[in-house]
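Per the UniProt record's numbering, the sequence shown runs over residues 1 to 91. The C-beta atom is built at its ideal place from N, Cα and C for all residues, glycine as well. Below: the structure, in structure tokens.
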Amino acid sequence: MVTYQYRCAACGDVDVRRPMGAATSHVPCPRCGADARRVYTSPRTRLVAPGLVSALDTAGASAENPQVVRREVAPRAPRHAHPLHARLPRP
């Protein structure tokens with residue numbers, strides 16, 4: 001379901017949830033029943049998780065100014081959740 005925004009002359013902005021692509025240019029206002037016209041707005045990007053916004057900003061910044069690696073990090077041996085996995089034969 002997508003939230004579409006409409007503007008009623010009497011009530012102001014009205015949000016209507018409909019399936020994607022099912023929006024019409026006019027709907028009856030849910031408050032007063034008058035004709036409400038569809039308003040085209042930008043996507044609601046403020047509802048994105050802050051962690052995702054931070055990760056996207058970091059990825060965008062590193063694309064133009066990559067961080068310089070000063071030392072090599074040695075790979076760690078994989079840890080197993082069950083202690084008996086450590087006794088299994090290794091290739």
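**Message:** Tell me which residue opens and which closes the alpha helix (DSSP H) that A55 is part of.
**Reply:** 50-64
**Prompt:** Run through DSSP, which three-state label would H26 get?
**Reply:** strand
**Message:** For Q5, report the span of its beta strand (DSSP E) as first-last.
**Reply:** 2-8
**Item:** For T24, the nearest candidate out of A10, G33, Y4 (CA to CA)
**Value:** Y4
**Request:** Could you tell me which of R7, L88, S62 sits nearest to C32, measuring between CA atoms?
**Result:** R7
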